[in-house]
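Student: One structure, pasted below without further comment.
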Amino acid sequence: MYRLMEKKIKQPMQVKLDKDRVYFWCTCGLSGKQPMCDGSHKGKSEKKSQSFRVEETKDYYLCSCKLTKNPPYCDGSHNS
Ligand code: FES
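Using our numbering, you'd call the opening residue of the sequence shown number 9 and step up by one each time.
The structure is reproduced here in structure tokens:
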């Protein structure tokens, strides 16, 4: 999988997400606001953020290593 990583984070990030709000998950790894996009990909990567919503307000474990096969959620791929 193609990815750029300036900050190599090899574990999921626990984030409280609110129901029905739109979030933008960083796919390139350049964001300074991991695991969410801060626009750092512009001009540096062809990758764009991935928008998503959750159906329940609670804590989620979002992927920061960008290796997950179930984005934006951690699937344990950071251990491989
Ligand atoms: S942080 Fe767990 S799969 Fe990326």
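Glycine included, each C-beta is placed from N, C-alpha and C at the ideal position.
Just so we're clear, the structure is a prediction, and the values are computed from it rather than from any experiment.
(1) Taking Cβ positions, are residue 58 and residue 80 nearer each other than 8 Å?
(2) Under a Cβ-count criterion, where at least 16 other Cβ atoms within 10 Å of its own Cβ denotes burial, should residue 74 be classed as buried or exposed?
(3) How about residue 30 and residue 70: do their beta carbons lie closer than 8 Å?
(4) Residue range of the beta strand (DSSP E) that residue 21 falls in?
(5) Taking the alpha-carbon positions, what's the residue 56 to residue 26 distance?
(6) For the ligand FES, is there a heavy atom less than 7 Å away from the beta-carbon of residue 36?
(7) Count the other C-beta atoms from every protein chain shown that fall within 10 angstroms of the C-beta of residue 87, then say buried if there are 16 or more, exposed otherwise.
Tutor: Taking the definition as stated:
(1) Remark: C-beta atoms of residue 58 and residue 80 approach each other more closely than 8 Å.
(2) Counting other Cβ atoms within 10 Å of its Cβ, residue 74 reaches 16 or more and is therefore classed as buried.
(3) No, they are not a contact pair.
(4) Taken as a continuous stretch (DSSP letters only), the beta strand (DSSP E) holding residue 21 covers 21-25.
(5) Approximately 22 Å between the Cα atoms of the pair.
(6) For residue 36, the CB stays at least 7 Å from every heavy atom of the ligand FES.
(7) Label assigned to residue 87: exposed.
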